[in-house]
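Below: the structure, in structure tokens.
Protein chains: 2
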Amino acid sequence: MSGSIRPSEDDLIARFFRPLATAAGALGLVDDCAELAAPPGHDLVLKTDAVAAGVHFFAEDDWAMVARKALRVNLSDLAAKGATPVGYLLTLALPADWREADLARFAAGLGEDQAAHAVTLFGGDTIRSPDGLIVSIAIVGFVPTGRMVRRAAARAGDRLYVSGTLGDAALGLVARTDPARAAGWGLDASERAHLTRRYLLPEPRLALAPAVLAHARAAMDISDGLGLDLARMCRGSGVTAEVGLADLPLSDAAARALAADPGLIETVTGGGDDYEILAAVAPESAGAFEAAATHAGVRVTAIGVVTAAEAAVGEGGESSTTPRFVDRDGRSRPSAAVGFRHF
Amino acid sequence: MSGSIRPSEDDLIARFFRPLATAAGALGLVDDCAELAAPPGHDLVLKTDAVAAGVHFFAEDDWAMVARKALRVNLSDLAAKGATPVGYLLTLALPADWREADLARFAAGLGEDQAAHAVTLFGGDTIRSPDGLIVSIAIVGFVPTGRMVRRAAARAGDRLYVSGTLGDAALGLVARTDPARAAGWGLDASERAHLTRRYLLPEPRLALAPAVLAHARAAMDISDGLGLDLARMCRGSGVTAEVGLADLPLSDAAARALAADPGLIETVTGGGDDYEILAAVAPESAGAFEAAATHAGVRVTAIGVVTAAEAAVGEGGESSTTPRFVDRDGRSRPSAAVGFRHF
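Protein chains in written order, with the working numbering: chain A, 1 to 343; chain B, 1 to 343.
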């Protein structure tokens, strides 16, 4: 339980992390704690999400990308709540064979994404991991008092929207772990690169947060796949939903892969790692939401509707809130509601 | 990267963690994020600290104690800042062989300490650990605006105080890992149990937080040993300090061990895991600080003084802020300034 001939944790903090602690209240990480003024008329929004080697990324991945993914999956949650992120705490569990070059890449990745998303490091802890790298981030944001957009607030009649495109990351993971299967999709190099990049580097939809805050009745980010996450929204809200599989927004790469291998639709709905926003919007707010999204430069697509739970008593012991996925021929595909479980 | 036949993360949350999320803004952990009102006239205080099997506890330890230690080490930081804790985010990396009985113990331990310290769970994330259990907690507290007690604010002339007793946890760890050595200390069963318990279960000095807030110029909690942590306070403050080794507060068990094995003084100053508060108090505030500590029922002991950095140009390349530990015969013991490094 004692150290090796390594830079001390204090040295690591000074070299790699102090430059990321740009807020006055972070005190240059010289203190144990950070002090942060809460803006009047606002609530805090709190979230933590962790990524681990072999689960959320590959042990050989560039640590800059790992750092950026770890930060972005947390930013994505805040975006879906309509919140403005301000900063984060970082817990880093380093494998025994970590190299300073890797840590420098890690800090560089964080620095790049901090600057892009206007957040700062408030503090952290560095420990030894028993095996691979684990990164846990706890993020803090603000919303006007009482205005955090909830997950469990959808109502029958609401329209369901998703941002961006679905399934790219999950297909990128398939392409990486099963290249022989992916070879049959007929993708060109840039399409393959698109899918791979979407797995490595989610795009938190912070630009959409004001539209979500102003117009969404309920929202969440899609991290475990549309099927599972929509089921969570429905269960929490006491409603169900009907989604058109043909309406799901796909990238050109994903569309081409699905054309070649239609069974991949379950990867799209269940594969996870989308980090897009799922929003339930009252019909009377739909026009304003779409306009605000356009103004923000974020694509949103209507994919279905929220319906009353009573209308969906399922077969085979399904909960009456389990959403239905309907294909082009009107057939219900409840199996698509089983999402990816990281755990 | 897919799951096994295990309860889903949603089930785990519902069974073990929802009962811990007692604040309205935690939304019963049904949402991805928690919403927390910031009290007017207060700043947030933020901190994260992680514990890992094989580093901060033993793999065979009761998970209830692990949970309580993970929470307490964070509470300890807030106490040293004069802050009032309100709640925390939890990241749990579970080893592949985790058992539900362990997790139930974990939740029970958290629940017990939550209630004792008036904090609540705001959210969390559960992932697979590559090997042993890792627990990261990010804690949130409040202080009156601008009033967080800093580490790097000590001034020459300040008196140095510590709460409780030092070295118990480090001696408890020695007793556990080297029972043959500990057998020579001549402790009775209750003294051995005291040391062991102090390693497993730190006592966050939240009762002392108001006294620290009102009267301390600088403060921090001692987690890596008095030597290293006081050196950090001095370096950050641009001062140095002189501490009397004979003045360090010891439990009866620690005093008996040291009488038998005087070399253990370096375990006391360098072993870490004390989670006591180190405070620098202006001389004119010392009486009020002591009275407030007495009122709070927390023992505090004056251990030395802060002095000007210029007076302490060391030998052998030491920084001029490295504190000096002086033994009963007036000999300086700079080596005691090297603390335990968890990392």
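Note that beta-carbon positions come from the ideal geometry of N, C-alpha and C, so glycine has one too.
Computed from a predicted structure; not experimentally measured.
Continuous beta strand (DSSP E) stretch holding leucine 258 (chain B): start and end: Looking at the DSSP string, leucine 258 (chain B) is not in any beta strand (DSSP E); the run it does join, the alpha helix (DSSP H), is 252-260.
Coil, strand or helix - glutamate 112 (chain B) by DSSP: When secondary structure is reduced to three states using DSSP, glutamate 112 (chain B) falls in the helix class.
Can you check whether the C-beta of leucine 152 (chain B) is within less than 8 Å of a C-beta belonging to chain A? Checking the displayed sequence, the identity of residue 152 (chain B) turns out to be alanine instead of leucine. At least one chain A Cβ lies under 8 Å of alanine 152 (chain B).
Taking DSSP as the reference, what is the three-state secondary structure of proline 19 (chain B)? Helix.
Taking the CB atoms as reference points, tell me whether cysteine 234 (chain B) and alanine 154 (chain B) lie closer together than 8 Å. Contact flag set, yes.
Nearest chain B C-beta to serine 129 (chain A) closer than 8 Å, yes or no? Closer than 8 Å to some Cβ of chain B, the Cβ of serine 129 (chain A) qualifies, so yes.
Can you give me the C-alpha to C-alpha distance between arginine 72 (chain B) and proline 204 (chain B), rounded to a whole angstrom? The alpha-carbon of arginine 72 (chain B) is positioned some 6 Å away from that of proline 204 (chain B).
Neighbour list for valine 162 (chain A) in chain B, Cβ cutoff strictly below 8 Å: Here the premise fails: no neighbours, minimum Cβ distance about 16 Å.
Sequence-distant residues of its chain with Cβ nearer than 8 Å to leucine 20 (chain A) (five each side left out): If we look at leucine 20 (chain A) and ignore the five residues flanking it on each side, its Cβ neighbours are Ala107, Leu110, Gly111, Gln114, Thr120 and Leu121.
If the cut is a Cβ gap below 8 Å, which residues of chain B does alanine 214 (chain A) touch? Within chain B, no residue comes near alanine 214 (chain A); the closest Cβ sits about 17 Å away, beyond 8 Å.
Taking DSSP's pairing of strands, which residues face threonine 126 (chain B) in a bridge? Partner residues in the beta bridge of threonine 126 (chain B), as assigned by DSSP, are B:Leu92.
Contacting residues, own chain, Cβ-Cβ under 8 Å from glycine 41 (chain B) (five flanking each side not counted): So the qualifying residues of the chain are Pro144 and Thr145.
Using 8 Å for Cβ pairs, my map puts alanine 80 (chain B) next to aspartate 32 (chain A). What's the rounded Cβ distance? Confirmed, Cβ separation roughly 7 Å.
Give me, in chain order, the residues of the same chain whose beta-carbon lies closer than 8 Å to that of proline 210 (chain B); leave out the 5 immediate sequence neighbours on both sides. Once the five neighbours on either side are set aside, the close Cβ partners of proline 210 (chain B) are Gly82, Ala292 and Ala296.
Identify the continuous beta strand (DSSP E) that holds glutamate 242 (chain B) and give its terminal residues. Element bounds for glutamate 242 (chain B): 239-244.
Give, in chain order, every unbroken run of the alpha helix (DSSP H) that is at least 4 residues long and sits entirely within the segment 156-200 of chain A. Every alpha helix (DSSP H) stretch that sits fully inside the segment 156-200 of chain A and reaches 4 residues is listed by chain position as 168-177, 179-183 and 189-200.
Entirely within the segment 17-93 of chain B and at least 4 residues each: give me those alpha helix (DSSP H) ranges in chain order. Counting only runs of at least 4 residues, the segment 17-93 of chain B fully encloses the following alpha helix (DSSP H) elements, listed from N- to C-terminal order: 63-80.
Pick helix, strand or coil for aspartate 97 (chain A), following the three-state DSSP scheme. Aspartate 97 (chain A) falls in the coil class under three-state DSSP.
Specify the secondary structure class of serine 285 (chain B) as computed by DSSP and reduced to three states. Of the three classes helix, strand and coil, the one that applies to serine 285 (chain B) here is helix, per DSSP.
To the nearest angstrom, how far is the alpha carbon of threonine 301 (chain B) from that of glycine 25 (chain B)? The alpha-carbon atoms of threonine 301 (chain B) and glycine 25 (chain B) are separated by roughly 40 Å.
Should the segment 156-172 of chain B be regarded as contacting the segment 48-67 of chain B, the criterion being three or more beta carbon pairs within less than 8 Å? No, they do not touch.
Using the Cβ count rule (16 or more neighbours within 10 Å means buried), how would you classify phenylalanine 17 (chain B)? Buried: at least 16 other Cβ atoms inside 10 Å.
Around the C-beta of glycine 378 (chain A), are 16 or more other C-beta atoms found within 10 angstroms, so that it is buried, or is it exposed? Residue 378 (chain A) cannot be examined here, being either before or after the span of chain A that is shown, 1 to 343.
Quick one: does serine 136 (chain B) have its CB under 8 Å from some CB of chain A? With 8 Å as the cut-off, serine 136 (chain B) counts as an interface residue toward chain A.
Of all Cβ atoms in chain A, is any one closer than 8 Å to the Cβ of methionine 65 (chain B)? Not closer than 8 Å to any Cβ of chain A, the Cβ of methionine 65 (chain B) fails to qualify, so no.
I'd like to know if valine 306 (chain B) contacts chain A, where contact means its C-beta is closer than 8 Å to some C-beta of that chain. Contact of valine 306 (chain B) with chain A is not assigned, every C-beta pair being separated by 8 Å or more.
Looking at chain A, is there any beta carbon in it that lies within less than 8 Å of the beta carbon of aspartate 31 (chain B)? Closer than 8 Å to some Cβ of chain A, the Cβ of aspartate 31 (chain B) qualifies, so yes.
Here's a check: name, in chain order, each residue in its chain whose Cβ is nearer than 6 Å to the Cβ of threonine 321 (chain A), leaving out the five neighbours to either side. Its chain contains Cys234, Arg235, Thr240 and Ala309 as the residues whose beta carbon lies nearer than 6 Å to that of threonine 321 (chain A), once the 5 sequence neighbours on both sides are disregarded; these appear in chain order.
Along chain B, which residues have their Cβ under 7 Å away from the Cβ of leucine 36 (chain A)? Neighbours of leucine 36 (chain A) in chain B, taken as residues whose beta carbon is under 7 Å from its own, are Asp43, Leu44 and Leu46 in chain order.
Just checking: is the beta-carbon of valine 119 (chain B) within a distance shorter than 8 Å of some beta-carbon in chain A? By the rule that beta-carbons nearer than 8 Å mark a contact, valine 119 (chain B) does not touch chain A.
State the Cα-Cα distance for the pair valine 55 (chain A) and arginine 128 (chain B), rounded to the nearest angstrom. Going by the C-alpha atoms only, they are around 8 Å apart.
Separation of alanine 286 (chain B) from alanine 312 (chain B), as counted between CA atoms: Unreliable placement is indicated for alanine 312 (chain B), whose pLDDT of 45 sits below 50; no coordinate value is reported for it.
DSSP-derived helix/strand/coil call for glutamate 266 (chain A): Here glutamate 266 (chain A) sits in helix by DSSP.
Between the segment 92-113 of chain B and chain A, which residues of the former have a C-beta closer than 9 Å to a C-beta of the latter? Per Cβ criterion, the list reads Leu92, Ala93, Leu94 and Pro95.
List the residues of chain B whose Cβ lies closer than 7 Å to the Cβ of lysine 81 (chain A), in chain order. Counting only Cβ-Cβ distances below 7 Å, lysine 81 (chain A) has contacts in chain B at Cys33, in chain order.
Going by other Cβ atoms of all chains shown within 10 Å of its Cβ, with 16 needed for buried, is proline 202 (chain B) buried or exposed? Buried, by the Cβ-count rule.
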